[in-house]
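Novice:
2 protein chains.
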Amino acid sequence: MKLTCPIEKATSFLGSKWTLEIIYFLQEPRRFCELQELMGGINPATLTQRLKLLEAEGIVNREVIPDAQRHVKYELTPKGKDLVAVYRELSMWVSHWYPEEAQ
Amino acid sequence: MKLTCPIEKATSFLGSKWTLEIIYFLQEPRRFCELQELMGGINPATLTQRLKLLEAEGIVNREVIPDAQRHVKYELTPKGKDLVAVYRELSMWVSHWYPEEAQ
DNA sequence: CATCACTACTATATTTTTTATAGTAACTAT
DNA sequence: ATAGTTACTATAAAAAATATAGTAGTGATG
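Chain order of the listed sequences is A and B. Following this note's numbering, the numbering of the first sequence begins with 4 at its first residue and continues without gaps. Following this note's numbering, the numbering of the second sequence begins with 4 at its first residue and continues without gaps.
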């Protein structure tokens, strides 16, 4: 007897390690190696997997920059940017309940 | 060169499978087996682990009801209830971007 | 122009986490 | 007396994450 939970869809991808942090850092466009550095411990295979998942979900856009080096830029789609309100609330919660750690 | 991310603390426990859903369903007090039923696929060992973690984090309160059966009730602490604002934003995001699935 | 570095990954083996399944101890209902 | 409920724990297997190394394409340095 499983009730439908309106956030079930969201938790299917947000509720896995790193995803919340990836989206947070993508509030400005980043390259793959930038994300790696920002999120110290992430494994490149995991990062790749998450970015593909978020891309498939329409939250993240992957763009190959047409320079000689063919750098890759990741950025939030409008759907992804729309999650900023969620982060605003979450940040407020953290700064309220963990005042010493927020900044 | 790891920048501090204000939601890093939050992601350390929210960013793992089931946690977001558990807190969602605890918007009203529940017993262990209720949570199990509500979240179809969760493993009891995982549920136990998550509830302990959330209890240690001060988000969930565990209470043994002093009836003969010694039922156990889980509920959100004020800190946990304060996450409701986050869920409100997340629910709005889901109902906007997944209109067919929300409800 | 050979060597080294950087970028954006992929491959493999190991470790960690999650799961399926079964079991337990205390009570309750028939 | 037997079966059912509740709140878990135990164990082994499956799935996911990690460390580590490697690759292919460029670019920079001597």
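Yeah, the Cβ is synthetic: ideal placement off N, Cα and C, and Gly gets one too. Remember, predicted model here, so these are calculated numbers, not experimental data.
Starting from the Cα of B/Gln39, find the closest Cα among B/Tyr77, B/Trp100, B/Val97 and give me that residue.
Specialist: What you label residue 39 of chain B is simply residue 36 of the second sequence in a count that begins at 1. With distances taken between Cα atoms, B/Gln39 lies closest to B/Tyr77.
Novice: Within the chosen definition, does the segment 81-95 of chain A reach the segment 55-74 of chain B through at least 3 CB pairs nearer than 8 Å?
Specialist: Because the criterion of three Cβ pairs below 8 Å is not met, the segment 81-95 of chain A and the segment 55-74 of chain B do not touch.
Novice: Considering only the alpha carbon of each residue, which of A/Trp100, A/Glu37, A/Asp85 lies closest to B/Met95?
Specialist: For the purposes of this step, residue 95 of chain B is taken as the residue at position 92 of the second sequence. Answer by Cα proximity: A/Asp85.
Novice: Could you give the first and the last residue of the continuous beta strand (DSSP E) run that contains A/Glu40?
Specialist: Position 37 of the first sequence, counting from 1, holds the residue named residue 40 of chain A. From DSSP, A/Glu40 is part of no beta strand (DSSP E) but of the alpha helix (DSSP H) over 35-41.
Novice: Answer yes or no: does any C-beta atom of chain A fall closer than 9 Å to that of B/Leu41?
Specialist: Looking up residue 41 of chain B in the second sequence gives position 38. It does: the Cβ of B/Leu41 has a partner Cβ on chain A nearer than 9 Å.
Novice: Does the Cβ of B/Thr51 have 16 or more other Cβ atoms within 10 Å, making it buried, or fewer, making it exposed?
Specialist: By one-based count along the second sequence, residue 51 of chain B stands at place 48. With fewer than 16 other Cβ atoms within 10 Å, it is exposed.
Novice: Which runs of the beta strand (DSSP E) spanning at least 3 residues fall entirely within the segment 24-78 of chain B, listed in chain order?
Specialist: Listed in chain order, they are 63-67.
Novice: Are the beta-carbon atoms belonging to A/Ile25 and A/Met42 less than 9 Å from one another?
Specialist: As a first step, residue 25 of chain A is located in the first sequence; it is residue number 22 there, counting from the start. As a first step, residue 42 of chain A is located in the first sequence; it is residue number 39 there, counting from the start. Cβ atoms of A/Ile25 and A/Met42: closer than 9 Å.
Novice: From B/Leu6 to A/Arg53, what distance separates their C-alpha atoms?
Specialist: Looking up residue 6 of chain B in the second sequence gives position 3. Looking up residue 53 of chain A in the first sequence gives position 50. The predicted position of B/Leu6 is uncertain, since its pLDDT is 44 and thus under 50; a value taken from the coordinates is nonetheless stated next. Cα to Cα, B/Leu6 sits roughly 20 Å from A/Arg53.
Novice: Roughly how far, in whole angstroms, is the beta-carbon of B/Tyr27 from the beta-carbon of A/Ile45, given that I think they are within contact range, below 8 Å?
Specialist: As a working note, residue 27 of chain B is residue 24 in the second sequence. As a working note, residue 45 of chain A is residue 42 in the first sequence. With 8 Å as the limit, B/Tyr27 and A/Ile45 do not qualify as a contact, their Cβ atoms being about 26 Å apart.
Novice: Would you say A/Ala48 lies against chain B (beta-carbon separation less than 9 Å)?
Specialist: Translated into positions along the first sequence, residue 48 of chain A becomes position 45. No, A/Ala48 does not count as interfacial toward chain B.
Novice: Helix, strand or coil, according to DSSP, for A/Tyr101 in the structure here?
Specialist: In the first sequence, counting from the first residue as 1, residue 101 of chain A sits at position 98. Three-state DSSP puts A/Tyr101 in coil, outside helix and strand.
Novice: So B/Gly18 and A/Lys20 are in contact, right, with Cβ under 8 Å, and what is the actual spacing, rounded?
Specialist: For the purposes of this step, residue 18 of chain B is identified with residue 15 of the second sequence, where counting begins at 1. For the purposes of this step, residue 20 of chain A is identified with residue 17 of the first sequence, where counting begins at 1. With a Cβ gap of about 5 Å, B/Gly18 and A/Lys20 count as contacting.
Novice: Within 9 Å of any Cβ in chain B, is that where the Cβ of A/Val97 sits?
Specialist: In the first sequence, residue 97 of chain A corresponds to position 94, counting from 1. Yes, its Cβ sits closer than 9 Å to a Cβ of chain B.
Novice: Can you pull the chain A residues whose beta carbon is under 8 Å from the beta carbon of B/Glu92, in chain order?
Specialist: Within the second sequence, the letter at position 89 stands for residue 92 of chain B. Going along chain A in sequence order, the residues near B/Glu92 (Cβ under 8 Å) are Ala88, Val89, Arg91, Glu92.
Novice: According to DSSP, is B/Ser19 helix, strand or coil?
Specialist: Taking the second sequence and counting its residues from 1, the one referred to as residue 19 of chain B is at position 16. Three-state DSSP puts B/Ser19 in coil, outside helix and strand.
Novice: Whole angstroms are fine: how far does the CA of A/Ala59 sit from the CA of A/Tyr101?
Specialist: Stepping through the first sequence from its first residue, residue 101 of chain A is reached at position 98. Stepping through the first sequence from its first residue, residue 59 of chain A is reached at position 56. Going from the Cα of A/Tyr101 to the Cα of A/Ala59 covers about 34 Å.
Novice: Just checking: is the beta-carbon of B/Lys12 within a distance shorter than 9 Å of some beta-carbon in chain A?
Specialist: As a position in the second sequence, residue 12 of chain B is number 9, starting the count at 1. Output row for B/Lys12: interface = yes.
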